[in-house]
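Protein chains in written order, with my numbering: chain A, 154 to 319; chain B, 48 to 168.
1) Between the Cα of residue 94/B and the Cα atoms of 148/B, 152/B, 140/B, 162/B, which residue gives the shortest distance?
2) Report, in whole angstroms, the separation of the C-beta atoms of residue 314/A and residue 256/A, which I expect to be a contact under 8 Å.
3) Going by the beta-carbon positions, is the gap between residue 117/B and residue 129/B smaller than 7 Å?
4) Contact check, residue 237/A vs residue 247/A under 8 Å by CB: the rounded distance?
5) Reducing DSSP to helix, strand and coil, say where residue 301/A ends up.
6) Using a cut-off of 7 Å between C-beta atoms, extract the partners of residue 152/B located in chain A.
7) If we ignore side chains and look at the alpha-carbon of each, how far apart do residue 160/B and residue 197/A end up?
8) Please say whether residue 96/B and residue 138/B have beta carbons closer to each other than 7 Å?
9) For residue 235/A, does the count of other Cβ atoms within 10 angstroms reach 16, so buried, or fall short, so exposed?
10) What are the start and end residues of each continuous alpha helix (DSSP H) run of 4 or more residues lying completely inside the segment 91-140 of chain B, in chain order?
11) Who are the near neighbours of residue 73/B in its chain, counting only those whose CB is closer than 8 Å to its CB and skipping five residues on each side?
12) Give me the chain A residues within the contact set of residue 103/B, using Cβ-Cβ distance strictly less than 7 Å, ordered along the chain.
13) Who are residue 142/B's beta bridge partners in DSSP?
14) Just how far apart, CA to CA, sit residue 295/A and residue 208/A?
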C-alpha cells in the first residue's frame, strides 16, 4: 500500500483486498446498532448525572444533532468507498482517492469507528500499544488491527491537512 | 415591535421591484417596553468549566487540532492542554458563562472528544 497527496486529494494506491475490505467496513463499524457500549461512548453525557435538566435537554436537542453530523460524515465516506467496488477483478489491488474536501468527514468517521470498536472490545492500554500483533488470530485481534489501521490513516490525513494550512 | 415585510405593488413581480419597508406601529414608538430579564441563580453563580477527559483512542495530534479549531488556541497552548489531558486525565480548557460552555462541549462532542461542563467550585 502506498499513500500520497495528489493535488487536492489523498491517494491510497496498491490497496490489497484485505485492507480494502477493512476500509469498506468503516461505515458499519462507525455506527454499530447492537453495541450499547459503543452508543454510550459516541453519545456520552455532557456533565454529571446529577445535572438532570442539562442531561435531559442534551438528549433531546443535542444528541439528534450529533447523530446527524456523524451520519453525514459516514455517508461521505461510504460514497468515496464506492471506488473500491472492483467487480471485474475482485482480488486485484486497487486505488482509493479521497478528496481533501472530504478530509474532515473521513477523520470523523474513522474516529467514530475506532471509538466504537474499542468500546465494544474494551481493549487495554497494553493492547492498544501493541502494533505488531497479527490480525489473523481472532476477531478481537482483527478489530485491534482495524483500530490501529484507521489510526494510521487519521495521522496521515491530519499531516496532510496541516501541510495544506502552511 | 418592528415588523419587516416586502412591499410589492400589484402587477409588479418581485424581480421588477423589491422594496424592503419597515413597518413600525406607532404605539411601539410611543411606548417602548423594555422587558427586564431576571438573571437566574445560575447566571450569577460561579462560572462553569469546560473539561476534556482522557481516552486512549483519540490521537494526540487529533486532539491538538480540535483544541485549535474549537477554542482558536495557538498550537503551543493546544498542545499544552492535550498533554495535560494525556498525563493528568483531564484539562480545563475554558471557564465562563454556562451557555458558551455548553456550546463548546457540544462542539467537542462533535469531534468525539470526552468533554463535560462542571460548575466552578
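We put the beta carbon where it would ideally sit given N, CA and C, even for glycine. Quick caveat: nothing in here was measured; it's all calculated off a predicted structure.
Reading it off the structure:
1) 148/B
2) 6 Å
3) Not in contact: residue 117/B and residue 129/B (Cβ atoms no closer than 7 Å).
4) About 6 Å separates the Cβ atoms of residue 237/A and residue 247/A, confirming a contact at the 8 Å cut-off.
5) helix
6) 199
7) If you take the alpha carbons of residue 160/B and residue 197/A, they lie about 9 Å apart.
8) no
9) exposed
10) 107-118, 122-135
11) Residue placement at residue 73/B is flagged as unreliable, the pLDDT there being 46, under the threshold of 50; the coordinate-derived value follows with that caveat. Nothing listed; no residue qualifies.
12) 278, 281
13) Listed as beta-bridge partners of residue 142/B by DSSP are 96/B.
14) 36 Å
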